[in-house]
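A.B. asks:
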Amino acid sequence: MDLSQLENIRSLWAEVVDPALAVRCIPVLLKGDTLVIEVPSGVYAQRLREDTEIILAEFSRRGVASVMNISPIVRESPTT
């Protein structure tokens, strides 16, 4: 994994996705050509899946051609 590439993706994240998603959904890993994004719930995961084509196109437009897929994962809630 190229950490500098992940940092570049993180720096562009707020420009690429809807602001409501940008603050709650966090790119955590670039695994091959798949960007793994931690989300707070299934609702956000579904929204990212719906916006995948737009997000990938925006990354490509900004020179990040290495991201070909998006994989949202639901963040685990801390147990008490």
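For the sequence shown, the numbering used here begins at 50 and goes up steadily by one. Backbone N, C-alpha and C define an ideal beta-carbon position, used for all residues, glycine too.
1. Starting from Pro76, follow the beta strand (DSSP E) in both directions and report where the run begins and ends.
2. With DSSP collapsed to three states, give me the class of Glu107.
3. Is the beta carbon of Thr101 closer than 7 Å to that of Ile86?
4. Leaving out the 5 sequence neighbours to the left and right, which residues in its chain are closer than 8 Å to Leu70 when beta-carbon positions are compared?
5. Just the Cα atoms here: how many angstroms apart are Leu84 and Gly91?
6. Ends of the alpha helix (DSSP H) at Ser126?
7. Rounded to whole angstroms, what's the CA-CA distance from Phe108 to Ala114? Just pull it up for me.
C.D. replies: Put simply:
1. Per DSSP, Pro76 belongs to the beta strand (DSSP E) from 75-80.
2. In this structure, Glu107 counts as helix in the three-state DSSP scheme.
3. no
4. Tyr93, Arg96, Leu97, Asp100
5. 17 Å
6. From DSSP, Ser126 is part of no alpha helix (DSSP H); its letter is neither H nor E.
7. 7 Å
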